[in-house]
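Novice: Please find one structure pasted underneath; my questions will follow.
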Amino acid sequence: MSDATVTTTPTRVAMQRRATPRWLASFWPPALAALLIFAAWEGAIWWFHLPNFVLPHPAEIVGVAVQNHEQLAADTAVTVVESLSGYVLGSIMGLVVAIIFVLIPRLEHVLLPVYVVVNSVPMIAYGPLAIIYLGIGSASKIVLVTIAVSYTVLINALAGLRSTDPRAIDLLRTFGATRGTVLVKLRLPAAMPAIFSGLRVAVVHAMILAVVLEMLGANAGLGWAVYKSTQMMSFVEAWSAVAASVLASLVIYLVVSWVARRFVWWS
Amino acid sequence: MDAPAVRARLLPQLLALPALLLLWEASVRGLAVSPDKLPAPSTVLATIWAAHTIFAQAVGTTLYEAVLGLVAGTLFGVASGVLFSRFRLLERMFLPYFVASQAVPIIAFGAIIILWFGNGVVSKALIAFYLSFFPVAVNTLVGIHGVPAEQVGLLRTFGASPLTILLRLQLPAALPAIFTAVRLGASLALVGAIVGEWFGATRGLGVVLLTAMYEYRMTYLWAGILLTGLTGVALFVVIAALQRRIAWWQVET
Amino acid sequence: MHPESGGSVATPKIRLQHVSKRFASGPAAVPTLHNVDLSIHEGDFVTLIGPSGCGKSTLFNILVGLVPPDEGGALFIDGKQERPDHLLGRVAFMPQRDMLLPWRTVLDNAILAAEIDGVARAEARERARRSLDRFGLNGFEHYYPGQLSGGMRQRVALMRTFMFDREIMLLDEPFGALDALTRALMQRWLLEVWEGARRTVLFITHDIEEAIFLGDRVLVMSARPGHIKLDIPVRLPRPRSPDVVTSPEFVAIKRDLLSAVEDESMKAFAAMNRAVVEQAGG
């Protein structure tokens, strides 16, 4: 390990003349896969003479989506608002409680086990309860999403705050640092990778939970759209609602991931 | 992790449940809350006992659906992971979708699965299957890739065939990661089975929850919640026990 | 320039008297330190060697205030007895791992101790910028630890230690993780920096040559229970040139130290083997 060098990008790449640029090299296999899936899809319809209520053409799904785009957009907005509201509330709650638990361990010993027990039940099982108490509007979804997200963020934040190297804490103490200084200058930044990992996972939970709860009971939203379409036998519409929920989640996840990477660039 | 250590870690949670139940019981009685609003745990347990055949059937059905799907998902998932590790092109083509599938509500697709396959056990098991398949496949691949190249090289200098390397080195080394995915898959499978039942079923925990909701039967609802939680925990316990027996050399939390 | 260890009448900068430490672990537990007595004079560079597990790091933890000595032990700084809980923040300490914060730049890592000490950020950064050259980090102020080599990270950690304005510095095997070539360069460089800002230094190492090359005095610690077994002055001229390691005086000191250290190493090795067997239930 020479003293003078600093890590740089491997020179091997520079020396090898690249046949394809890197972005293309990682792009074409999944694109090929998409093509194959598309081909298999159309092939199955053609070969098995599948009627459109069993397996519609991808083009049909897109067509219906475009046709209903206003309704679809409205439903997407409802679901996204529900999940993001719960997400933001739950994240703040999880982080605050994590910090409190680190500062007052006795609270953690008493309260955390209770919270773990409550969350050992899949959150969807509380769905009917929330709907009875809070109705089929957005409130029931937001409350459950908040609880679920707060749990995920809490657990990850606790792990992150606890993962600080005790030798680093000792070192800061030899500089004369107080507990507060250690928290702010060391524990919190050191916990960021874990916290953002928790935030990333939680946003997925939020979207899935919102959609599923809407399928249970709602009057708007993508989950409700899926349920309603299946009840009304408009299968292509069901497909388009499912596709919309997948797309919306993907976009939100990518945004959160991107933000996480910018915030935690060092790990 | 040795048994005493595991017990010490779980002790707070094990104590929390009875403590919580006692507190719940005391508040309901003390505040004379009507059972339509919030039933006491004793009432819930009495209901479970009174209708224990129905509840046992419900738990059994949902458990069967979930486990069936989980086992199938694990087997196919491991196989896919192995295939991906062997054929890099397959990995590059399909892994992005496998990974992306875990960031989106593919469970919504369950509605269509029920349409295709009806109200029986198979459709729910299918949902459980595809929900657990993707995480297991991805983690199998991650686990296999986690084996240091030097170890693989070493075995090759012993003259080991790729199959031997797979069975004697890569898969065992990947077990902790696989078990992590199986645990995740178990919760997803249970959720998938229940949500599938919401779309169409005559028996199961999902049916219990749904019926209780439509008929405003709070005791049944809480019974369903309690049993769902217990079922999930039971699955975890079994998987953890399996892991201790099969992959004992790695401390996995 | 260097007060010789025996026969000086000046008050020692640091004095440890009957310092012991036993970590409670059963009646048969061997104390980590037992009656450590040592004095270090101002401006001295003292090195400490000893086998693994002899309690060197515990001694440092006591000196730095992280761990209190057992009853009966006393610590004196500048002749005044210090209470163990008043020691934190009195001594500049560099642990074995650089402990650089990955989210801070080289510059901000260097000022970390000073910043916590209350120095204003802007002023600390200015001071650090002016020292970059001396520490061989010119141009790297905005790099992150993840981008640096091991030797550079140690230099940043050393810079942080020097920027903590204290008269006493404790360095715990700072060059242990470096390869031999880098280590040799770092030793020479450290002496240069030290000559420029003469602090009182206590330096732990497991490398006998490093101990002799760097120090005015070499202390040898025994195996558990640790105490100072040997205290050898190094009367080689300063500044130390690289070829001093082959001079007859150097080799003579080395010979003495080798036999002493090897003795203690064998004892420590045997003790370790016993511990492993006990733990495995044998």
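Protein chains in written order, with my numbering: chain A, 1233 to 1499; chain B, 19 to 271; chain C, 87 to 368.
Just so you know, even glycine gets a beta-carbon here, dropped at the ideal spot from N, CA and C.
Distance cutoff 7 Å, beta carbons only. Does C:W189 sit that close to anything in chain A?
Specialist: To locate residue 189 of chain C, count along the third sequence from 1; it is residue 103. With 7 Å as the cut-off, C:W189 counts as an interface residue toward chain A.
Novice: For A:L1335, count neighbouring C-beta atoms within 10 Å of its own C-beta (all shown protein chains included) and say buried if the count is 16 or more, exposed if not.
Specialist: Numbered from 1 along the first sequence, position 103 holds the residue referred to as residue 1335 of chain A. When all chains shown are included, A:L1335 counts as exposed.
Novice: Leaving out the 5 sequence neighbours to the left and right, which residues in its chain are closer than 6 Å to A:M1424 when beta-carbon positions are compared?
Specialist: For the purposes of this step, residue 1424 of chain A is identified with residue 192 of the first sequence, where counting begins at 1. Excluding positions up to five away in sequence, the list reads V1496.
Novice: Could you check whether the Cβ of C:M249 sits closer than 7 Å to any Cβ belonging to chain A?
Specialist: Numbered from its first residue, the third sequence carries residue 249 of chain C at position 163. C:M249 does not count as touching chain A.
Novice: Measuring alpha carbon to alpha carbon, tell me which residue in C:T191, C:D258, C:L271 is nearest C:V150.
Specialist: Reading the third sequence from its first residue, position 64 is the one you call residue 150 of chain C. Nearest of C:T191, C:D258, C:L271 to C:V150, Cα basis: C:D258.
Novice: I'd like to know whether the C-beta atoms of C:L179 and A:T1406 end up nearer to each other than 7 Å.
Specialist: Here residue 179 of chain C refers to the residue found at position 93 when the third sequence is read from its first residue. Here residue 1406 of chain A refers to the residue found at position 174 when the first sequence is read from its first residue. Before going further, note that residue 179 of chain C is Phe rather than Leu in the sequence given. In contact: C:F179 and A:T1406 (Cβ atoms closer than 7 Å).
Novice: For C:P319, write down the residues that DSSP places opposite it in a beta bridge.
Specialist: Taking the third sequence and counting its residues from 1, one reaches residue 319 of chain C at position 233. Note: C:P319 sits in a beta bridge opposite C:R303.
Novice: With distances taken from CA atoms, which of A:P1288, A:M1355, A:F1280, A:S1477 is nearest B:V122?
Specialist: Stepping through the second sequence from its first residue, residue 122 of chain B is reached at position 104. The shortest Cα separation from B:V122 among A:P1288, A:M1355, A:F1280, A:S1477 belongs to A:S1477.
Novice: From which residue to which residue does the alpha helix (DSSP H) around A:S1461 run?
Specialist: In the first sequence, counting from the first residue as 1, residue 1461 of chain A sits at position 229. 1454-1463 is the span of the alpha helix (DSSP H), which, as asked, contains A:S1461.
Novice: Mapping DSSP to helix, strand and coil, what is C:S235?
Specialist: In the third sequence, counting from the first residue as 1, residue 235 of chain C sits at position 149. If DSSP states are grouped into helix, strand and coil, C:S235 belongs with coil.
Novice: Hey, would you say B:A207 sits closer than 7 Å to B:G87, going by beta carbons?
Specialist: Here the question's residue 207 of chain B lines up with position 189 in the second sequence. Here the question's residue 87 of chain B lines up with position 69 in the second sequence. Closer than 7 Å, so yes.
Novice: On the CB-based measure, 16 or more other CB atoms within 10 Å of its CB, does A:H1437 come out buried or exposed?
Specialist: As a first step, residue 1437 of chain A is located in the first sequence; it is residue number 205 there, counting from the start. So A:H1437 ends up on the buried side.
Novice: Within a Cβ cutoff of 6 Å, which residues of the same chain sit near C:A160, ignoring the five residues on either side of it in sequence?
Specialist: For the purposes of this step, residue 160 of chain C is identified with residue 74 of the third sequence, where counting begins at 1. Excluding sequence neighbours, C:A160 sits near Q103, Q167.
Novice: Would the beta-carbon of A:A1389 fall within 7 Å of that of A:F1428?
Specialist: What you label residue 1389 of chain A is simply residue 157 of the first sequence in a count that begins at 1. What you label residue 1428 of chain A is simply residue 196 of the first sequence in a count that begins at 1. Not closer than 7 Å, so no.
Novice: Is B:P30 close to chain A, meaning its C-beta is less than 7 Å from at least one C-beta of that chain?
Specialist: The residue labelled residue 30 of chain B in the question sits at position 12 within the second sequence. For B:P30, the answer is yes, since a Cβ of chain A falls inside 7 Å of its Cβ.
Novice: Please classify A:L1479 as buried or exposed, where buried requires at least 16 other C-beta atoms within 10 Å of its C-beta.
Specialist: The sequence position of residue 1479 of chain A within the first sequence is 247, counting from 1. Exposed, by the Cβ-count rule.
Novice: Is any beta-carbon of chain A found at less than 7 Å from that of C:I254?
Specialist: In the third sequence, the residue the question calls residue 254 of chain C occupies position 168. Closer than 7 Å: no.
Novice: Along the chain, where does the alpha helix (DSSP H) that runs through A:M1325 open and close?
Specialist: In the first sequence, residue 1325 of chain A corresponds to position 93, counting from 1. From DSSP, the alpha helix (DSSP H) with A:M1325 extends over 1301-1335.
Novice: Report, in whole angstroms, the separation of the C-beta atoms of B:A204 and B:L253, which I expect to be a contact under 8 Å.
Specialist: Counted from its first residue, the second sequence places residue 204 of chain B at position 186. Counted from its first residue, the second sequence places residue 253 of chain B at position 235. The pair is a contact, with the Cβ atoms about 5 Å apart (cut-off 8 Å).
Novice: Just mark B:R186 as buried or exposed, buried being the case when its beta carbon has 16 or more other beta carbons within 10 Å.
Specialist: Locating residue 186 of chain B in the second sequence gives position 168, where the first residue counts as 1. When all chains shown are included, B:R186 counts as exposed.
Novice: I want to verify the contact list: residues of chain B whose CB lies under 8 Å from the CB of A:T1462, in sequence order.
Specialist: Here residue 1462 of chain A refers to the residue found at position 230 of the first sequence. The answer, in chain order, is A129, I130, I132, L133, F217.
Novice: For the segment 1405-1417 of chain A, list every residue whose C-beta sits within 8 Å of some C-beta in chain C, in sequence order.
Specialist: Going along the segment 1405-1417 of chain A in chain order, one finds R1405, T1406, F1407, G1408, A1409, T1413, K1417 with a Cβ nearer than 8 Å to chain C.
Novice: Just the Cα atoms here: how many angstroms apart are A:D1397 and C:V337?
Specialist: If you number the first sequence from 1, residue 1397 of chain A lands on position 165. If you number the third sequence from 1, residue 337 of chain C lands on position 251. Approximately 40 Å between the Cα atoms of the pair.
Novice: What does A:H1301 reach in chain B if we use C-beta pairs closer than 9 Å?
Specialist: Taking the first residue of the first sequence as position 1, residue 1301 of chain A is located at position 69. None at all; the shortest Cβ gap to chain B is about 19 Å.
Novice: Distance cutoff 7 Å, beta carbons only. Does A:T1241 sit that close to anything in chain B?
Specialist: For the purposes of this step, residue 1241 of chain A is taken as the residue at position 9 of the first sequence. With a pLDDT of only 44 at A:T1241, under the threshold of 50, the placement of this residue in the model should not be trusted, and no figure is reported.
Novice: When you compare the CB positions of B:A84 and B:A258, do they come within less than 7 Å of one another, or not?
Specialist: Along the second sequence, one-based indexing puts residue 84 of chain B at 66. Along the second sequence, one-based indexing puts residue 258 of chain B at 240. Taking 7 Å as the Cβ cut-off, B:A84 and B:A258 do not qualify as a contacting pair.
Novice: Name, in chain order, the residues that DSSP records as bridge partners for C:I135.
Specialist: For the purposes of this step, residue 135 of chain C is taken as the residue at position 49 of the third sequence. DSSP output for C:I135 lists C:V306 as bridge partner(s).
Novice: Tell whether a beta-carbon distance below 7 Å holds between B:V225 and B:E215.
Specialist: Stepping through the second sequence from its first residue, residue 225 of chain B is reached at position 207. Stepping through the second sequence from its first residue, residue 215 of chain B is reached at position 197. Contact: yes.
Novice: Mind listing, in chain order, the continuous beta strand (DSSP E) runs of no fewer than 3 residues lying wholly within the segment 206-292 of chain C?
Specialist: If we require 3 residues or more, the beta strand (DSSP E) runs fully inside the segment 206-292 of chain C come out as 254-258, 286-290.
Novice: Give the residues of chain A in contact with B:P16, contact being defined as C-beta atoms less than 7 Å apart.
Specialist: An answer regarding residue 16 of chain B cannot be provided, because it is not within the stretch 19 to 271 covered by chain B.
Novice: Output the distance between the C-alpha atoms of B:A118 and B:R104, rounded to the nearest integer angstrom.
Specialist: By one-based count along the second sequence, residue 118 of chain B stands at place 100. By one-based count along the second sequence, residue 104 of chain B stands at place 86. Their backbone Cα atoms lie some 21 Å apart in a straight line.
Novice: Rounded to whole angstroms, what's the CA-CA distance from C:R215 to C:A243? Just pull it up for me.
Specialist: Residue mapping note: residue 215 of chain C aligns to position 129 of the third sequence, counting from 1. Residue mapping note: residue 243 of chain C aligns to position 157 of the third sequence, counting from 1. Using only the alpha carbons, I get a separation of about 15 Å.
Novice: Does the Cβ of B:W267 have 16 or more other Cβ atoms within 10 Å, making it buried, or fewer, making it exposed?
Specialist: Translated into the one-based positions of the second sequence, residue 267 of chain B becomes position 249. Classification for B:W267: exposed.
Novice: Note down, in chain order, all residues in the segment 1389-1405 of chain A with a beta-carbon under 8 Å from any beta-carbon belonging to chain C.
Specialist: If the cut-off is 8 Å between Cβ atoms, the segment 1389-1405 of chain A has D1397, R1399, A1400, D1402, L1403, L1404, R1405 near chain C.
Novice: Which residues, taken in chain order from the segment 188-213 of chain C, show a beta carbon closer than 9 Å to some beta carbon of chain A?
Specialist: Within the segment 188-213 of chain C, the residues whose Cβ lies closer than 9 Å to some Cβ of chain A are P188, W189, R190, L198, A199, A200, E201, I202, D203, G204, listed in chain order.
Novice: Return the first residue and the last residue of the beta strand (DSSP E) that C:Q182 is part of.
Specialist: In the third sequence, the residue the question calls residue 182 of chain C occupies position 96. Counting along the chain, C:Q182 falls outside any beta strand (DSSP E), and DSSP gives it neither H nor E.
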